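K.L.:
The opening position of the sequence shown corresponds to residue 5 in the numbering used here, with each subsequent residue numbered one higher.
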Amino acid sequence: MEWSLSNVSLVGGRMETVKVGRTLKDVSPHEFVKAYAAHLKRSGKIELPEWTDIVKTGLFKELAPYDPDWYYIRAASMARKIYLRQGIGVGRFQRIYGGRKRNGSRPTHFCKSSGAIARHILQQLQKMNIIEPDEKGGRKITSQGRRDLDQVAGRVGGVVIVA
């Protein structure tokens, strides 16, 4: 027997509540980042620096990114990470997006990613009022930023977690 109301459903004799509104935590990270990157590109509020097509994303990279929209994708990913964990700064993003440097026949070592890219994206997100400086250090999400990210998450047709 299965019947449902607006947010309560009875499945197999037990009652479960279904979340009606979706937040960023309820959707697939990959789908959200793609959707929010498209939203940032459509809004036109992010100013792309002239060096985005030639810059490497880190010391450990050999070439610039192939995807022309990589800057929007990185900005969406950084906004998501600040939403999930407040107080992240440039140094933490350098470690998050860092990777393995290949040294030929010598052993590989971890290298941080570019700090200029992280700093520029954080400044752009701050100008859009998505994030703001935290008094304890790093950045935190604003109420407007939380609302915008949750609205985009509500439009994403990804996985919904049932509580």
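Built from N, CA and C at the ideal position, the CB exists for glycine as well. All values derive from a computational prediction rather than experimental measurement.
How big is the Cα-Cα spacing for lysine 65 and glycine 158?
P.N.:
One-based indexing of the sequence shown puts residue 65 at position 61. One-based indexing of the sequence shown puts residue 158 at position 154. Using only the alpha carbons, I get a separation of about 35 Å.
K.L.:
Using only the alpha-carbon positions, how far apart do tryptophan 7 and valine 156 sit?
P.N.:
Here residue 7 is taken as the residue at index 3 of the sequence shown, counted from 1. Here residue 156 is taken as the residue at index 152 of the sequence shown, counted from 1. Bear in mind that a pLDDT of 44 at tryptophan 7, under 50, signals an unreliable position, so the number given afterwards is only what the model happens to contain. In a straight line, the C-alpha of tryptophan 7 is about 30 Å away from that of valine 156.
K.L.:
Between which residues of its own chain and arginine 104 is the CB-CB distance below 7 Å, once the five residues before and five after are set aside?
P.N.:
What you label residue 104 is simply residue 100 of the sequence shown in a count that begins at 1. Excluding sequence neighbours, arginine 104 sits near Phe64, Thr112, Phe114.
K.L.:
Kindly provide the ranges of any alpha helix (DSSP H) runs that are 4 or more residues long and lie completely inside the segment 108 to 137, ordered along the chain.
P.N.:
The segment 108 to 137 contains these whole alpha helix (DSSP H) runs: 119 to 131.
K.L.:
Looking only at DSSP bridge pairs, what is glycine 4 linked to?
P.N.:
This structure does not reach residue 4, given that the chain is present from 5 up to 167, and the question cannot be answered.
K.L.:
Between Glu35, Ile58, Gly62, Arg26, which has its C-alpha nearest serine 118's C-alpha?
P.N.:
Start at 1 with the first residue of the sequence shown, and residue 118 comes out as number 114. Nearest C-alpha to serine 118: Gly62.
K.L.:
I'd like to know whether the C-beta atoms of isoleucine 145 and glutamine 90 end up nearer to each other than 8 Å.
P.N.:
Within the sequence shown, residue 145 is the residue found at index 141, counting from 1. Within the sequence shown, residue 90 is the residue found at index 86, counting from 1. For isoleucine 145 and glutamine 90, yes; Cβs fall inside 8 Å.
K.L.:
Leaving out the 5 sequence neighbours to the left and right, which residues in its chain are closer than 6 Å to leucine 153 when beta-carbon positions are compared?
P.N.:
Position 149 of the sequence shown, counted from the first residue, corresponds to residue 153. For leucine 153, where only same-chain residues beyond five positions count, the Cβ hits under 6 Å are Leu28, Tyr87.
K.L.:
Do you know offhand how far serine 32's Cα is from lysine 140's?
P.N.:
Position 28 of the sequence shown, counted from the first residue, corresponds to residue 32. Position 136 of the sequence shown, counted from the first residue, corresponds to residue 140. Taking the straight line from one Cα to the other gives about 30 Å.
K.L.:
For the beta strand (DSSP E) holding arginine 143, just list the boundary residues, first then last.
P.N.:
Within the sequence shown, the letter at position 139 stands for residue 143. It spans 143 to 145 - the beta strand (DSSP E) in which arginine 143 sits, taken as one unbroken run.
K.L.:
Output yes or no for whether 8 Å exceeds the beta carbon distance between valine 37 and arginine 96.
P.N.:
Position 33 of the sequence shown, counted from the first residue, corresponds to residue 37. Position 92 of the sequence shown, counted from the first residue, corresponds to residue 96. Contact flag unset, no.
K.L.:
Out of Glu51, Tyr70, Arg26, Asn107, state which residue places its alpha-carbon closest to the alpha-carbon of glutamine 127.
P.N.:
Here residue 127 corresponds to residue number 123 of the sequence shown, with the count starting at 1. The residue with the shortest Cα to Cα distance from glutamine 127 is Glu51.
K.L.:
Which residue wins for smallest C-alpha separation from threonine 56, given the options Ile77, Met132, Lys116?
P.N.:
Within the sequence shown, numbered from 1, the residue matching residue 56 stands at position 52. Looking at the Cα atoms, Ile77 is the closest of the given residues.
K.L.:
Roughly how many angstroms separate the alpha carbons of serine 47 and proline 53, rounded to a whole number?
P.N.:
Position 43 of the sequence shown, counted from the first residue, corresponds to residue 47. Position 49 of the sequence shown, counted from the first residue, corresponds to residue 53. Rounded to the nearest angstrom, the two C-alpha atoms are 16 Å apart.
K.L.:
Have a look at isoleucine 92 and proline 72 and give me their C-alpha separation to the nearest angstrom.
P.N.:
In the sequence shown, counting from the first residue as 1, residue 92 sits at position 88. In the sequence shown, counting from the first residue as 1, residue 72 sits at position 68. Whole-angstrom Cα-Cα distance: 26 Å.
K.L.:
For isoleucine 121, tell me which candidate among Arg143, Lys60, Gly142 has the shortest Cα-Cα distance.
P.N.:
By one-based count along the sequence shown, residue 121 stands at place 117. Checked all of Arg143, Lys60, Gly142; the closest Cα to isoleucine 121 is Lys60.
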